[in-house]
Each structure stands twice: as C-alpha cells, then as structure tokens.
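**Student:** Residue numbers for the sequence shown follow the working numbering, so the first one is 108 and each next one is one higher. By construction, the Cβ of each residue, glycine as well, lies at the ideal position given by its N, Cα and C atoms. Note that the structure is predicted; figures quoted are calculated from it, not measured. Just passing along the structure, written as structure tokens.
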Amino acid sequence: MDKVALTAAGLYVIVLLRAGGTFAVGWLAGAGARRGRLAERISAPKFRSVERAIQRWGAPVVAVSFLTVGFQTAANFLAGSMHMPLSRYLPALFVGGAGWALVYATAGLGAWELLARLFAERTVIGAGAVTVLLLAVSGVLVYRRRKAASTNRNTVADES
Numbered sequence: 108m109d110k111v112a113l114t115a116a117g118l119y120v121i122v123l124l125r126a127g128g129t130f131a132v133g134w135l136a137g138a139g140a141r142r143g144r145l146a147e148r149i150s151a152p153k154f155r156s157v158e159r160a161i162q163r164w165g166a167p168v169v170a171v172s173f174l175t176v177g178f179q180t181a182a183n184f185l186a187g188s189m190h191m192p193l194s195r196y197l198p199a200l201f202v203g204g205a206g207w208a209l210v211y212a213t214a215g216l217g218a219w220e221l222l223a224r225l226f227a228e229r230t231v232i233g234a235g236a237v238t239v240l241l242l243a244v245s246g247v248l249v250y251r252r253r254k255a256a257s258t259n260r261n262t263v264a265d266e267s
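This is the structure we're talking about:
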C-alpha cells in the first residue's frame with residue numbers, strides 16, 4: 108500500500124503542475140489564441156466540443172476530463188482561455204487530479220508489476236506482450252494521422 112500511496116502522491120503533484128500550467132497558458136493566451144497560430148487548432152471539432160461542454164457544465168467537465176485521454180489537455184487549456192474563475196477551476200483540478208493519480212497509480216503499478224513478473228518468469232511472453240502493445244499503439248497513431256490527413260484533404264477540397 109505504501110508503494111501505491113507514494114506513486115499516487117507523486118502523480119498528483121505532476122498532474123497539478125501539468126494541468127495547472129496548461130490552464131495558466133490558456134489564461135494568458137486568452138482571446139489572442141483565437142486569432143493567432145493556435146486559432147486553427149482551437150477551431151478543430153475536438154476543441155469546439157470541449158468548449159461547448161465547459162460552457163454548458165462548467166467545472167465538472169474539467170474534473171471528469173482527467174479520466175479521459177486526449178480530452179484533459181483541451182479542457183484545461185480552454186478553461187483557462189475562457190477565464191474560468193479560479194474558485195471553480197481549482198476544486199475541479201484537485202478532485203479530477205486526485206482521481207487521475209489514483210487510477211494511474213493503481214492500474215499503472217499493477218500493469219508494471221505484471222510485465223515485470225512476465226519478464227522474470229517468461230521472458231518470451233513478456234517481450235511478446237510489449238511488442239503487441241507497441242504495435243497496437245503504433246497502429247492507432249498511424250490510423251489517427253491518416254484519418255486527420257484525409258479530413259484535411261477533404262476540407263481543402265470542399266473550400267475550393
């Protein structure tokens with residue numbers, strides 16, 4: 108239990124700094140982000156859906172975003188750029204960050220210990236598991252990039 112608590116505490120500090128920093132960058136960027144280089148990225152469908160959710164539900168969206176992948180950074184940045192009051196943002200950051208740290212500390216340590224045991228007892232199976240995991244992650248990344256490139260080509264074709 109000490110290992111989980113120590114890992115969760117370390118992850119909690121990391122998430123507070125990272126998400127809080129993302130919020131601060133969004134706050135400082137403010138309306139300027141909507142006019143500069145970031146304007147294209149912020150107008151992407153993912154960012155627009157996050158912004159609509161924050162406008163409708165507020166701080167709970169930020170808290171729940173910590174349990175998602177890819178939504179978290181957008182939620183924190185947009186909450187900052189929308190100048191969400193700190194009295195609403197900080198409780199969402201503390202609660203969401205705690206949930207994130209606990210999930211990653213428990214599931215992450217469990218997965219790490221499982222892989223360590225596999226490598227120690229059955230190296231071939233451990234190496235195979237890591238290989239399959241890396242191939243799966245690579246496949247997802249390639250798929251996403253191709254889909255994004257295809258969407259960008261279709262958007263450019265529609266505009267002409």
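1. Do isoleucine 161 and methionine 189 have their C-beta atoms closer together than 8 Å?
2. Take aspartate 109 as the anchor and find which of Ala131, Leu209, Lys254 has the nearest alpha-carbon.
3. Where does leucine 124 land, buried or exposed, given buried means 16+ other C-beta within 10 angstroms?
4. Report yes if the C-beta distance between valine 157 and alanine 181 is below 8 Å; otherwise report no.
5. Quick one: what's got a C-beta closer than 6 Å to glycine 187's C-beta in the same chain, skipping five residues either side?
6. Residue range of the alpha helix (DSSP H) that phenylalanine 173 falls in?
7. Is the segment 168–184 in contact with the segment 197–208, if contact means three or more CB pairs nearer than 8 Å?
8. Which class does arginine 125 belong to by DSSP, given the choice of helix, strand or coil?
**Tutor:** Taking the definition as stated:
1. yes
2. Leu209
3. exposed
4. yes
5. Phe130, Gly133, Trp134
6. From DSSP, phenylalanine 173 is part of no alpha helix (DSSP H); its letter is neither H nor E.
7. yes
8. helix
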